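Reading through the structure tokens given below for one structure.
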Amino acid sequence: MPLYNATCVCINADVDYGEGYVVFKWPHELYGYEELEISLDDGFCSRRMPIHSGDGPPESEELLRDSIKLRFTHSLAEKLQLAEEIEISFQLSDDEFVKLKRVVEYFNGVDE
């Protein structure tokens, strides 16, 4: 499973209304940085460099304190030009981690 080391995780999400997005950003030797954005509105996923996108959120998400494992359908992985399973490591404050946890629970269908 490929591992990406995120230097930035941007969480602008309101799970109560199903709006916003999460962006994972990591260094890329050719483009400077790479980015994976997941929209809460419709689960739309896109990558910044090169620009690839596809409908639907990740098939499953497993959140750990210092990383997230994402599994995409075969079709979505092809559109994003990512492996079907990836892991993104990060360092988040406690508050940011709680926000990300709420987003993961939203996509995994967990009600609080």
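Each step along the sequence shown adds one to the number in our numbering, with nothing skipped, and position 110 is 181.
For each residue, glycine too, the CB sits at the ideal point set by N, CA and C.
Everything numeric in this text was worked out from a predicted model, so none of it was measured.
When the options are compared against residue i, the one with the closest alpha-carbon
i	options	result
residue 88	104, 111 and 142	111
residue 81	101, 125, 168 and 98	168
residue 157	145, 178, 101 and 113	145
residue 90	102, 101, 113 and 137	113
residue 122	75, 180 and 102	102
Cβ shell of residue i (< 6 Å), same chain only, five flanking positions each side left out
i	result
residue 175	132 and 134
residue 154	73
residue 173	86
Closer than 7 Å: residue i CB and nearest the ligand PLP heavy atom
i	result
residue 73	The ligand content of the structure shown is nil, which means the ligand PLP is not present either.
Same chain only: Cβ atoms within 7 Å of residue i, ignoring 5 sequence neighbours per side
i	result
residue 77	95, 96, 97, 159, 160 and 161
residue 92	83, 84, 108, 109, 110 and 111
residue 148	154 and 155
residue 143	129, 130, 151, 153 and 155
residue 79	96
Range of the contiguous beta strand (DSSP E) that encloses residue i
i	result
residue 84	79-85
residue 131	131-135
residue 178	Taken as a continuous stretch (DSSP letters only), residue 178 belongs to no beta strand (DSSP E), being part of the alpha helix (DSSP H) at 165-178.
residue 90	90-99
residue 103	103-110
residue 156	156-160
Simplified DSSP state of residue i, which is helix, strand or coil
i	result
residue 119	coil
residue 146	helix
residue 141	strand
residue 153	coil
residue 125	strand
Cβ neighbours of residue i in the same chain (closer than 8 Å, five flanking residues each side left out)
i	result
residue 124	115, 116, 117, 118, 150 and 151
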